[in-house]
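Asker: Below you will find the structure I want to go over with you.
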Amino acid sequence: MNAPASLQQVRDQVAAPREPSLPAIVPGFGSLQGFELAIRQAKLLSSSTLVPAQYRALIEKKQGQNVSWQDNPNAIPNCVIAMNMAQRMNADPLMVMQNLYIVEGRPSWSSTWIIAAINNCGRFTPLRFDLDDLGEQDVEYDVVEWVDGRKQWKKVKTKVRNLRCVAWAEEKATGQRVTSPAVSMEMAVKEGWYQKTGSKWQTMPEVMLRYRTASFFGKLYAPELLMGLPSSDEAGDIIDAERDSTGQFSVDIASLRPAAPEDEPAPETTAGQVTGTTTSGDPQDDDLRAVEQGQGTNTGGNWQPSAEEAAEMERRIAEEAAADQQRASAPRGRGQRSMSLE
């Protein structure tokens, strides 16, 4: 028979709760304990070199042969958000972080991960692709040019090998064959994907066609797997983005602005001619005002008044001079008269 426990031992057993009876703390934003646990996990992940650069606490900076390390203030928040997405998708956090890219602040998936997610979801047979060769074709597309600070569209033609791809799979529940929208090289040219600088559509078109159709397939038939996010290739084609040293895709805003127009030499002037720019919507009023002020015409070219126009301008100048003299000789107000008397 066991010896009776002391009163202090009984109190300790009652005060210390058993571990199995404790509520499970799930990392996330639902509670203070869950948020603190998420921060602790994010600190651990940000210290690893197995995660992409945008999740690391230290970023490597290379300037020539010099290498330095810089703190990344976005590492822990990025890790927490990636962990939250992994929890909602019931996926491994490290897998999500290794396949999630940031394009101008918007997350996007790698194309290979989209194909893997569709194949592993259990709803479809493995994804397959039908690729057809439609032969060489001349495709016309629009390009933007800036002329004198104005945006203008220009038609350009290019010759491509027009490949067309469709992604398909069979739905296991119904046995029905489901297909993605067809994507062709003609579409890539007209949408502007093909002619971007460093575009993979020019060097590996068959791979890019499969990646794009897989992304379209996932958006249509399994949007819950992608969380409504596009592929990183698709996001990079929509906006001309490049990956920086932090692993994120960014856009050079300066490259999207129109080039400043070159300074043109001013036209030569001769006796009795003036040049300049317009100041109002009426060309005749602008011409008269330009001659009076010595500025010029609305067209920026040479202009010489006729005899009737010169007489009209002289008459207007005389009328304005007479009006100014009449206003100067008008009787002053009471306050001004009292000052003159003093």
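Counting from 1 along the sequence shown, just add 2 to a position and that's the residue number in the working numbering.
Ideal Cβ positions, reconstructed from N, Cα and C, are used throughout, including at glycine.
If you're wondering where the values come from, they're calculated on a predicted model, not measured in any experiment.
(1) On a CA-only basis, which of VAL145, ALA55, SER112 is nearest LYS192? Give me that one, please.
(2) Taking only three categories from DSSP, how would you classify LYS157?
(3) Between which two residues does the alpha helix (DSSP H) containing VAL191 stretch?
(4) Thinking just about the alpha-carbon of each residue, which of ARG125, TYR57, PRO75 is nearest to the one in VAL98?
(5) DSSP three-state label for TYR345, please.
(6) Between PRO207 and the rest of its own chain, which residues show a CB-CB distance below 7 Å, the 5 nearest in sequence each way excluded?
(7) LYS64 bridges to which residues according to DSSP?
(8) Could you check if PRO75 is buried or exposed, using at least 16 other CB atoms within 10 Å of its CB as the buried criterion?
(9) Look up SER233 in the DSSP assignment and give the residues it is bridged to.
(10) Should SER70 be labelled buried (16 or more other beta-carbon atoms within 10 Å of its own) or exposed?
(11) Could you tell me if CYS123 is buried or exposed, where buried requires 16 or more neighbouring beta carbons within 10 angstroms of its beta carbon?
(12) Let's see if you can read the secondary structure: which residues bound the alpha helix (DSSP H) around ARG125?
(13) Assign LEU34 to one of three DSSP states: helix, strand, or coil.
(14) Excluding sequence positions up to five away, which residues of its chain have a Cβ less than 6 Å from the Cβ of MET210?
(15) Among residues of its own chain, excluding the 5 on either side of ASP239, which ones have a beta-carbon nearer than 6 Å to its beta-carbon?
(16) Pull up the distance between the alpha-carbon of SER234 and that of GLY36, whole angstroms please.
(17) Between which two residues does the alpha helix (DSSP H) carrying VAL28 extend?
(18) Mapping DSSP to helix, strand and coil, what is TYR143?
(19) When the Cα of TRP155 is compared with those of VAL162, GLU142, CYS167, which residue comes out closest?
(20) Using C-beta distances below 6 Å, list every residue in its chain close to ILE255, excluding the 5 sequence neighbours before and after it, in chain order.
(21) Using DSSP with H/G/I as helix, E/B as strand and the rest coil, what is THR181?
Answerer: By the coordinates alone:
(1) The residue given as residue 192 occupies position 190 in the sequence shown. Check the Cα spacing between LYS192 and each of VAL145, ALA55, SER112: the tightest is with VAL145.
(2) Your numbering for residue 157 matches position 155 in the sequence shown. LYS157 falls in the strand class under three-state DSSP.
(3) Against the sequence shown, residue 191 aligns to sequence position 189. It spans 187-192 - the alpha helix (DSSP H) in which VAL191 sits, taken as one unbroken run.
(4) Reading the sequence shown from its first residue, position 96 is the one you call residue 98. Measuring from the Cα of VAL98, the nearest candidate turns out to be TYR57.
(5) For the chain, the structure presents residues 3 to 344; residue 345 sits outside this window and is missing.
(6) The residue labelled residue 207 in the question sits at position 205 within the sequence shown. The answer, listed in chain order, is LEU165, MET187.
(7) Within the sequence shown, residue 64 is the residue found at index 62, counting from 1. Beta-bridge pairing links LYS64 to VAL69.
(8) Counting from 1 along the sequence shown, the entry for residue 75 is found at position 73. Exposed: under 16 other Cβ atoms inside 10 Å.
(9) Here residue 233 refers to the residue found at position 231 when the sequence shown is read from its first residue. Looking at the DSSP assignment, SER233 forms a beta bridge with TRP111.
(10) By 1-based counting over the sequence shown, the position of residue 70 is 68. SER70 comes out exposed.
(11) As a working note, residue 123 is residue 121 in the sequence shown. Exposure of CYS123 is indicated by the presence of fewer than 16 other C-beta atoms within 10 angstroms of its C-beta.
(12) The sequence position of residue 125 within the sequence shown is 123, counting from 1. Annotation for ARG125: no alpha helix (DSSP H) segment contains it, and DSSP assigns it neither H nor E.
(13) Within the sequence shown, residue 34 is the residue found at index 32, counting from 1. LEU34: helix per DSSP, three-state reduction.
(14) Residue 210 sits at position 208 when you count from the first residue of the sequence shown. Taken in chain order, the residues that qualify are LYS202, TRP203.
(15) Numbered from 1 along the sequence shown, position 237 holds the residue referred to as residue 239. TRP195, listed in sequence order.
(16) One-based indexing of the sequence shown puts residue 234 at position 232. One-based indexing of the sequence shown puts residue 36 at position 34. The straight-line gap from Cα to Cα measures roughly 31 Å.
(17) Position 26 of the sequence shown, counting from 1, holds the residue named residue 28. Looking at the DSSP string, VAL28 is not in any alpha helix (DSSP H), and its letter there is neither H nor E.
(18) By 1-based counting over the sequence shown, the position of residue 143 is 141. Three-state DSSP puts TYR143 in a strand.
(19) Within the sequence shown, numbered from 1, the residue matching residue 155 stands at position 153. For TRP155, the closest alpha carbon among the candidates VAL162, GLU142, CYS167 is that of GLU142.
(20) Indexing the sequence shown from 1 puts residue 255 at position 253. Bear in mind that the predicted position of ILE255 carries a pLDDT of just 45, short of 50, making it unreliable; the figure below should be weighed with that in mind. No residues qualify anywhere along the chain.
(21) Taking the first residue of the sequence shown as 1, we reach residue 181 at position 179. Reduced to three states, the DSSP call for THR181 is strand.
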